[in-house]
Amino acid sequence: MNKKITRGRVLFLAVAGAAVILVPMLVNAQRQDDTQTLPGLAHEVQRKHAQSGEILDRESVMKGNRELQVMITLGDQLWHSRDLPMSGNGQACNMCHADGSVTHPETYPKYKPQIGKVATVQEMMGWCISIPNQGKPFALGSKEMNALEAYMNWNNKGQVMEIGTMPQ
Amino acid sequence: MDEKQDALDRLMTAELSRRNFLKMSAFAGIAASVGGVVTLDFLSPSSAQAAKPFNFALMADHHTMGPKNNYMKLRCERAVEEMNKLNPQPDFLMSLGDHVHDGSDEQMKFFDEIFAPVKTKIKYITGEHDWYLDMGESYHKHFGETTYSWDQHGVHFIAMNTVHLRDFWTARGLTAEERMGYAGTLNSPVGGPFHVGEKQLGWLRDDLKKVKKSTPIIIFSHSPLYYYYKPWNFWTEDAPEVHLLLEGYEQVQVIHGHVHHIVKNRIGNINFDSSLSLGWPHPYPTSGLPAGSPQMPRANPANIYGGLGWELNRVGEDGGVDMRYHEWSREKV
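Those protein sequence lines, which keep their order, are chains Z and B.
Our numbering numbers the first residue of the first sequence as 43 and each following residue consecutively.
Our numbering numbers the first residue of the second sequence as 2 and each following residue consecutively.
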């Protein structure tokens, strides 16, 4: 009888001990999974609305993070693409602009002589796809164009917004 | 910006040489980085001697893609036309690799046809884009060997394949096209850094045994034979072993392609200069530029010749090389 009680206590303590150790690990792993982001992106799981100060729903914060990462990842693939209609001559964005370099999205909109007007960054990307890459540009505001812009801006994170300036 | 333009004006118009490099005081102001193992102790006179001064031409990184990319063809044709007008003709034309983009036999045939009218003799080395589709089979068929040396006018020339990559494809089960794609993507981390490799280091060790310390040496490589910027594979992992083999030689010049812009360096007794590209210009990386190196202004994407070109170089009596850049942004079409 005593042996059974002792065995039961040992079992209970083992299960409780394992739970004390494992549950926080599992919760933490889940949190890490939820909050895993590309380098340089926000890691917070809780966020206040910028204007109202209202604490945003955790799920909507997570959804926003996930969707942005999906777009950046799609943009990465498009940036390197040589086979889609966006590249008519085998030239990819990445060849002249590895890692989104010398794109300077922080300087747009600005006057572009080759377009002949003040152009947004998506209009400039459309020009690059049409002329140097001799391809068919995506529509302004399309998922693909937004993805390209997301990838480019993620690579240029930290630049100071300087509309219309000549980049240094 | 004015400083950069001023430095570039001097770079393009003066014969930028080892001797007048330090006189370009603007370089100090435009250097983006002060890192790296660089010494600027190369004003001491060299006793190295070449038999007589001579010229050779350079071109690099054409990345021709066949008929689907007419811009690439136009740039190559312009280079051929300009080189054929040289009088006297250069002793030879060295092509520093990445002649084609996707490594195929068809693209190399296309390249050969464009460059067939060149009057002077063309010598070749391989870039990664020429190699990783069929591991050099088409390269050898069209361009010959990758590792060789010769003596001319008192200078010992060395050509090497510096784009060896560790086997990243077998374990991953990649197709030849996938292997080429990873190896040929500038900022892909999959391929890892370039290597000269043990076999070639052994060849170089043997080759140098017959070269006197006073003989000027000019080495052609595709990748920079030093550590420039690893994320874009402007990097040759075992370059320091090459530097060790070259210790004690009085006049050593390395000329490389791959970076698609002008960059200069000096490590110990070795000068490093890059060639312009005939394909497209690469921007400068955010770090790693050797101290004292000039920077080209950003190319205008609306000019299909912007930031591109080729070189006609002069080897002086001491075996030093004056790099003369024919950069097309500065010339009317």
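Idealized CB from N, CA, C, for every residue including glycine.
> Any idea which residues DSSP pairs Q153/B with across the strands?
Replying inline: In the second sequence, counting from the first residue as 1, residue 153/B sits at position 152. V156/B, per the DSSP bridge assignment.
> What number of angstroms, rounded off, separates the C-alpha of G177/Z from the C-alpha of P127/Z?
Replying inline: Here the question's residue 177/Z lines up with position 135 in the first sequence. Here the question's residue 127/Z lines up with position 85 in the first sequence. Looking at the two C-alpha atoms, the distance is approximately 6 Å.
>> Please tell me whether N70/B has its Cβ less than 8 Å away from any Cβ of chain Z.
In response: In the second sequence, the residue the question calls residue 70/B occupies position 69. Yes, contact with chain Z.
>> Taking 8 Å as the threshold (C-beta atoms), are P174/Z and P284/B in contact?
In response: As a first step, residue 284/B must be located in the second sequence, where it is residue number 283. As a first step, residue 174/Z must be located in the first sequence, where it is residue number 132. Not a contact, by the Cβ cut-off of 8 Å.
> So Y230/B and S275/B are in contact, right, with Cβ under 8 Å, and what is the actual spacing, rounded?
Replying inline: Residue numbering aside, residue 230/B sits at position 229 when the second sequence is read from its first letter. Residue numbering aside, residue 275/B sits at position 274 when the second sequence is read from its first letter. Wrong, their Cβ atoms sit about 12 Å apart, outside the cutoff.
>> So L187/B contacts chain Z; which residues on that side make the cut at Cβ distance below 8 Å?
In response: Indexing the second sequence from 1 puts residue 187/B at position 186. By Cβ distance, chain Z contributes N136, M137, A140.
> Considering only C-alpha positions, which residue in the set F116/B, Y227/B, E107/B is nearest to S139/B?
Replying inline: Position 138 of the second sequence, counted from the first residue, corresponds to residue 139/B. Answer by Cα proximity: E107/B.
> To the nearest angstrom, how far is it from the Cα of R226/Z to the Cα of A61/Z?
Replying inline: It is not possible to answer for residue 226/Z, since the shown part of chain Z is limited to 43 through 210.
> Can the beta-carbon of L246/B be found closer than 8 Å to that of I271/B?
Replying inline: Along the second sequence, one-based indexing puts residue 246/B at 245. Along the second sequence, one-based indexing puts residue 271/B at 270. Contact: no.
> Taking 8 Å as the CB-CB limit, is G132/Z close to chain B?
Replying inline: On the first sequence, position 90 is the one that residue 132/Z refers to. Closer than 8 Å to some Cβ of chain B, the Cβ of G132/Z qualifies, so yes.
> Could you check where the alpha helix (DSSP H) with Y140/B kicks off and where it finishes?
Replying inline: Position 139 of the second sequence holds residue 140/B. Element bounds for Y140/B: 138 to 144.
> Between T48/Z, G117/Z, K90/Z, which lies nearest to E186/Z when the distance is taken from Cα to Cα?
Replying inline: Translated into the one-based positions of the first sequence, residue 186/Z becomes position 144. Taking only the C-alpha atoms, the option nearest E186/Z is G117/Z.
> Do G321/B and P54/B come within 8 Å of each other at the CB atom, strictly closer than that value?
Replying inline: The residue given as residue 54/B occupies position 53 in the second sequence. The residue given as residue 321/B occupies position 320 in the second sequence. Not a contact, by the Cβ cut-off of 8 Å.
> Does any C-beta atom of chain Z lie closer than 8 Å to the C-beta of R348/B?
Replying inline: Look at the range of chain B in this structure, 2 to 334, and you will see that residue 348/B is not part of it.
> Would you call the CB atoms of P217/B and Q252/B closer than 8 Å?
Replying inline: Residue mapping note: residue 217/B aligns to position 216 of the second sequence, counting from 1. Residue mapping note: residue 252/B aligns to position 251 of the second sequence, counting from 1. Yes; because the gap between Cβ atoms is below 8 Å, this pair is in contact.
> Is the Cβ-Cβ distance between H223/B and L97/B less than 8 Å?
Replying inline: Taking the first residue of the second sequence as position 1, residue 223/B is located at position 222. Taking the first residue of the second sequence as position 1, residue 97/B is located at position 96. Yes, they are a contact pair.
> So, does the CB of A303/B fall closer than 8 Å to a CB anywhere in chain Z?
Replying inline: Walking along the second sequence from the start, residue 303/B turns up at place 302. True, the Cβ-Cβ gap to chain Z drops below 8 Å.
>> If we define contact as Cβ-Cβ less than 8 Å, is Q156/Z a contact residue for chain B?
In response: In the first sequence, the residue the question calls residue 156/Z occupies position 114. Interface residue, yes.
>> Suppose the cutoff is 7 Å on Cβ atoms and the five residues either side in sequence are ignored; what does the same chain contact list for W204/B look like?
In response: Translated into the one-based positions of the second sequence, residue 204/B becomes position 203. Result list for W204/B: T148, in chain order.
> What are the complete alpha helix (DSSP H) segments, minimum 4 residues, inside the segment 91 to 126 of chain Z?
Replying inline: 100 to 122
> Could you give the uninterrupted runs of the alpha helix (DSSP H) lying entirely in the segment 143 to 225 of chain B, keeping only those of 4 residues or more?
Replying inline: 177 to 184, 199 to 210
>> Once DSSP output is grouped into helix, strand and coil, what is the label at W233/B?
In response: What you label residue 233/B is simply residue 232 of the second sequence in a count that begins at 1. Helix at W233/B.
> So which of K86/B, L94/B, Y72/B, P68/B has the shortest CA-CA distance to E312/B?
Replying inline: Along the second sequence, one-based indexing puts residue 312/B at 311. When only C-alpha atoms are compared, the closest one is L94/B.
>> Among R79/B, H100/B, H154/B, D103/B, whose alpha-carbon lies nearest the alpha-carbon of P118/B?
In response: Counting from 1 along the second sequence, the entry for residue 118/B is found at position 117. Measuring from the Cα of P118/B, the nearest candidate turns out to be R79/B.
> Between H157/B, M324/B, G192/B, V164/B, which lies nearest to L175/B when the distance is taken from Cα to Cα?
Replying inline: Your numbering for residue 175/B matches position 174 in the second sequence. It is G192/B whose Cα lies nearest to the Cα of L175/B.
> What is the DSSP secondary structure of S275/B, counted as helix, strand or coil?
Replying inline: Within the second sequence, numbered from 1, the residue matching residue 275/B stands at position 274. Of the three classes helix, strand and coil, the one that applies to S275/B here is strand, per DSSP.
> Smallest Cα separation from R124/Z: which of K211/B, G185/B, L290/B, I220/B?
Replying inline: What you label residue 124/Z is simply residue 82 of the first sequence in a count that begins at 1. If we check each option's Cα against that of R124/Z, G185/B comes out closest.
> Name the DSSP beta bridge partners of A161/Z, please?
Replying inline: For the purposes of this step, residue 161/Z is identified with residue 119 of the first sequence, where counting begins at 1. K152/Z, per the DSSP bridge assignment.
> Whose C-beta lies closer than 7 Å to the C-beta of D131/B among residues of the same chain, with five residues either side of it excluded?
Replying inline: Looking up residue 131/B in the second sequence gives position 130. Excluding sequence neighbours, D131/B sits near G98, D99, H100, V101, G104, Y140.
> For D323/B, which three-state DSSP category applies?
Replying inline: Against the second sequence, residue 323/B aligns to sequence position 322. D323/B: strand per DSSP, three-state reduction.
> Does DSSP put M128/Z in a helix, in a strand, or in coil?
Replying inline: Against the first sequence, residue 128/Z aligns to sequence position 86. Of the three classes helix, strand and coil, the one that applies to M128/Z here is coil, per DSSP.
> For E107/B, which three-state DSSP category applies?
Replying inline: As a first step, residue 107/B must be located in the second sequence, where it is residue number 106. E107/B falls in the helix class under three-state DSSP.
>> Closer than 8 Å is the cut-off here; do at least three beta carbon pairs connect the segment 146 to 155 of chain Z with the segment 108 to 116 of chain Z?
In response: no
> Can you give the Cα-Cα distance for I171/Z and F111/B, rounded to whole angstroms?
Replying inline: Translated into the one-based positions of the first sequence, residue 171/Z becomes position 129. Translated into the one-based positions of the second sequence, residue 111/B becomes position 110. Using only the alpha carbons, I get a separation of about 25 Å.
> Should H196/B be labelled buried (16 or more other beta-carbon atoms within 10 Å of its own) or exposed?
Replying inline: If you number the second sequence from 1, residue 196/B lands on position 195. By the neighbour-count rule (16 or more Cβ atoms within 10 Å), H196/B is buried.
>> For K214/B and G155/B, I'd like the C-alpha separation in whole angstroms.
In response: The residue given as residue 214/B occupies position 213 in the second sequence. The residue given as residue 155/B occupies position 154 in the second sequence. Cα-Cα distance, rounded: 12 Å.
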